[in-house]
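**Student:**
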Amino acid sequence: MKRIKDDIDRLTEKLLKQDPSFKVEMDKADQAWDIAFQLYDLREKMGLTQTELAKLVGTKQSNIARIESADYTGYTLKTLEKVTKALKARLEIKIVPCVPTLSVGT
Numbered sequence: 001m002k003r004i005k006d007d008i009d010r011l012t013e014k015l016l017k018q019d020p021s022f023k024v025e026m027d028k029a030d031q032a033w034d035i036a037f038q039l040y041d042l043r044e045k046m047g048l049t050q051t052e053l054a055k056l057v058g059t060k061q062s063n064i065a066r067i068e069s070a071d072y073t074g075y076t077l078k079t080l081e082k083v084t085k086a087l088k089a090r091l092e093i094k095i096v097p098c099v100p101t102l103s104v105g106t
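Its first residue numbered 1, the sequence shown is counted upward by one per residue in the UniProt record's numbering.
#1: Unbroken beta strand (DSSP E) runs of length 3 or more, entirely within the stretch 20–57: which are they?
#2: For the putative contact between residue 42 and residue 91, defined by C-beta atoms under 8 Å, what is the C-beta separation to the nearest angstrom?
#3: Let me confirm a value: residue 13 is counted as buried when at least 16 other C-beta atoms fall within 10 Å, else exposed. Which label applies?
#4: Using beta-carbon positions only, say whether residue 54 and residue 60 come within less than 8 Å of one another.
#5: Considering only their Cβ atoms, is the gap separating residue 57 from residue 23 smaller than 8 Å?
#6: Select from 38, 89, 32, 99 the residue whose C-alpha is nearest the C-alpha of residue 75.
#7: So, helix, strand or coil for residue 68, using DSSP?
#8: Looking at the unbroken alpha helix (DSSP H) that takes in residue 80, where does it start and where does it end?
#9: If residue 89 and residue 68 are in contact, beta carbons under 8 Å, what's the gap, nearest whole angstrom?
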């Protein structure tokens, strides 16, 4: 398994060097995976099925499944807020600079 991870890491580095836009797509995928995993994890910890969560949110089970899919990025803030509220959590959005900023005088 470690060899596969090493191969993936090397391929990723190569793609990042060849195509800077690959990083943007990779970051999007990381964010989608992170959101999906957090929602899945919260739902599981609360002991809810996708169907039960869907009822709390007022949507269909298939929509919850889609949101929990790591390759889905079509959710809205309103949807994420409804789901997180039903999971007794809150949604935080953080904007982070892509490059380090210099302080004045340096």
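Where a beta carbon is used, it is the ideal one built from N, C-alpha and C, also for glycine. Just so it is clear, the structure is predicted and the values come from calculations on it, not from any experiment.
**Tutor:** In brief:
#1: none
#2: In fact, because the Cβ distance is near 11 Å, the residues do not count as touching under 8 Å.
#3: exposed
#4: yes
#5: no
#6: 32
#7: coil
#8: 77–86
#9: Not really, about 14 Å apart at Cβ, beyond 8 Å.
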